[in-house]
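A quick write-up on the structure given underneath.
Protein chains: 2
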Amino acid sequence: MTASAPTPRTGAAFLLAQLGAHAAGLFAERIAGLDLTPAQAGLLRMLATNPGRSQRELAGDLGMPPSRFVPFADELEERGLIERRRNPSDRRIYALHLTGKGEKLLAELAQVGMNHEQQICESLSPEEHGQLLELLRRIADQQGLHPDVHPGYRRLHPKPKPAHDTP
Amino acid sequence: MTASAPTPRTGAAFLLAQLGAHAAGLFAERIAGLDLTPAQAGLLRMLATNPGRSQRELAGDLGMPPSRFVPFADELEERGLIERRRNPSDRRIYALHLTGKGEKLLAELAQVGMNHEQQICESLSPEEHGQLLELLRRIADQQGLHPDVHPGYRRLHPKPKPAHDTP
DNA sequence: CGATAATGATTACAAAGTGGAACGATTGTC
DNA sequence: GACAATCGTTCCACTTTGTAATCATTATCG
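These protein sequences, in sequence, are chains A and B. Each residue of the first sequence is one higher than the one before, starting from 1 at the first, in this note's numbering. Each residue of the second sequence is one higher than the one before, starting from 1 at the first, in this note's numbering.
Printed below as a string of structure tokens:
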């Protein structure tokens with residue numbers, strides 16, 4: 001076969017971007033069954049691990065302007081998944097918390113995440129899966145990525161799903 | 001340290017999505033110096049490896065509707081990077097080709113890609129880098145991903161670069 | 001202690017991005 | 001030779017996006 005390739009056309013960085021978008025899209029499809037977007041799921045997880053933060057902080061971590069965070073949180077609050085609590089010492093701030101319903105949904109979300117993980121890593125042996133995890137964690141750590149947020153959360157609506165059954 | 005984690009909060013799938021978005025964003029910043037978006041770079045590469053295809057085909061691979069592909073290709077043509085050639089046997093079709101200028105830019109792009117790869121995999125030994133490549137390729141292959149396109153190409157404008165020098 | 005600046009949440013709004021439908025031109029089918 | 005299909009393109013309504021202005025509350029400071 002031919003030898004020299006001008007570009008490493010399938011370098012690790014490109015594969016990461018490609019697989020990342022693929023995995024993110026697949027995950028978005030899965031959680032659409034729970035009426036959640038990736039950004040919404042991300043917020044729920046953030047609130048679970050770190051409750052009581054202000055909206056501005058959360059918006060910052062999600063990479064979206066505060067103005068768009070408001071209706072974003074509104075919907076989740078109307079659905080009874082999160083709660084806005086006033087801070088008595090500083091009444092400007094809304095401390096966001098997960099409701100019981102929100103925690104329940106988060107549990108379902110965890111299950112979905114497990115299935116998703118399995119689907120993505122289907123072609124890997126348990127040892128290889130462990131290897132991959134370690135390599136990815138190392139890179140993520142060295143690149144200074146926070147454990148809960150990724151830049152893709154900026155986008156609210158992934159897409160309205162042109163399904164495969166409507167002719 | 002604490003033991004049970006309700007969710008594999010840093011599973012491989014999540015890390016892939018996170019790192020993928022990170023790598024894609026970083027790459028977008030790099031090629032912004034060449035006045036290119038990821039989608040534009042993707043098209044150039046597609047034309048290099050597979051010239052003469054129709055606009056509809058290319059739009060399909062890029063995941064965008066033909067209506068948006070037209071101005072997208074227009075700009076690249078105005079900049080003299082690609083060429084629309086009429087097919088004598090079927091005058092409906094425009095066969096897209098890379099110009100000399102386009103090939104030249106693609107070479108620069110390859111260089112950028114190498115630097116980018118190095119930056120992402122900085123924390124890995126050569127052996128580990130090879131391991132990662134093999135694992136990612138296996139997954140990508142099993143997930144049915146084409147070697148040249150990834151779903152992130154759907155988006156045209158990555159962002160207007162909020163630089164770090166303008167107060 | 002009262003005026004002023006600063007911060008958080010929210011609203012208003014203009015600009016841009018997006019996909020689907022409609023339109024000529026050309027080609028395949030029968 | 002009429003009719004459906006295909007390609008490139010234009011048109012357009014709809015949504016998404018970020019910035020600026022607004023209101024309430026708190027810190028600063030003379």
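Here a beta-carbon is modelled for each residue, glycine too, at the ideal position from N, C-alpha and C. Every value quoted in this text rests on a predicted model; they were computed, and no experiment measured them.
Expected contact under 8 Å - CB spacing of residue i and residue j to nearest Å
i, j, result
"residue 117 (chain A)", "residue 21 (chain B)", "Incorrect: roughly 18 Å between the Cβ atoms, too far for contact."
"residue 140 (chain A)", "residue 136 (chain B)", "Contact doesn't hold; Cβ gap of about 14 Å is too wide."
"residue 62 (chain B)", "residue 149 (chain B)", "7 Å"
"residue 134 (chain B)", "residue 34 (chain B)", "Actually they do not touch by this definition, with Cβ atoms about 30 Å apart."
"residue 152 (chain A)", "residue 38 (chain A)", "6 Å"
"residue 122 (chain B)", "residue 142 (chain A)", "7 Å"
"residue 11 (chain B)", "residue 113 (chain A)", "7 Å"
"residue 85 (chain B)", "residue 124 (chain A)", "Residue 85 (chain B) to residue 124 (chain A), Cβ: 44 Å. No contact."
Residue from the options whose Cα sits closest to the Cα of residue i
i, options, result
"residue 110 (chain A)", "A:149, A:15, A:95 and A:41", "A:41"
"residue 82 (chain A)", "A:47, A:112 and A:54", "A:47"
"residue 115 (chain A)", "A:10, A:150, A:11 and A:23", "A:23"
"residue 74 (chain A)", "A:60, A:43, A:130 and A:51", "A:43"
"residue 156 (chain B)", "B:147, B:101, B:105 and B:69", "B:69"
"residue 50 (chain A)", "A:97, A:30, A:39 and A:86", "A:97"
"residue 101 (chain A)", "A:129, A:113, A:112 and A:79", "A:79"
"residue 72 (chain B)", "B:89, B:106, B:120 and B:36", "B:36"
"residue 31 (chain A)", "A:105, A:99 and A:67", "A:105"
"residue 76 (chain A)", "A:88, A:65, A:146 and A:103", "A:103"
"residue 154 (chain B)", "B:29, B:60 and B:15", "B:60"
"residue 28 (chain B)", "A:17, A:29 and A:28", "A:17"
"residue 45 (chain A)", "A:127, A:99 and A:64", "A:99"
"residue 15 (chain A)", "B:65, B:127 and B:120", "B:120"
| message | Can you pull out the residues from the region 10–31 of chain A whose beta carbon lies closer than 9 Å to at least one beta carbon of chain B? | response | 10, 11, 12, 13, 14, 15, 16, 17, 18, 19, 20, 21, 22, 23, 24, 25, 26 and 27
| query | Can you find at least 3 beta carbon pairs, one from the region 51–63 of chain A and one from the region 83–96 of chain A, that sit closer than 8 Å? | reply | yes
| task | Taking only beta carbons into account, state which residues of the region 117–151 of chain A come closer than 7 Å to chain B, listed in chain order. | result | 117, 120, 121, 122, 123, 124, 128, 129, 131, 132, 133, 135, 136, 137, 138, 139, 140, 142, 143, 145, 147, 150 and 151
| task | Please list the residues of the region 78–94 of chain B that have a C-beta atom closer than 9 Å to any C-beta atom in chain A, keeping them in chain order. | result | none
| Within the region 18–55 of chain B, ranges of the alpha helix (DSSP H) (whole runs, at least 4 residues) | 38–49
| task | Report the residue ranges of all beta strand (DSSP E) runs contained in full by the region 55–134 of chain B; include only those spanning at least 3 residues, in chain order. | result | 82–87 and 90–98
| task | Quick one: which residues of the region 31–60 of chain B get their C-beta closer than 9 Å to a C-beta of chain A? List them in chain order. | result | 38, 45, 48 and 49
| Positions along the region 94–105 of chain B whose CB lies within less than 8 Å of some CB in chain A | none
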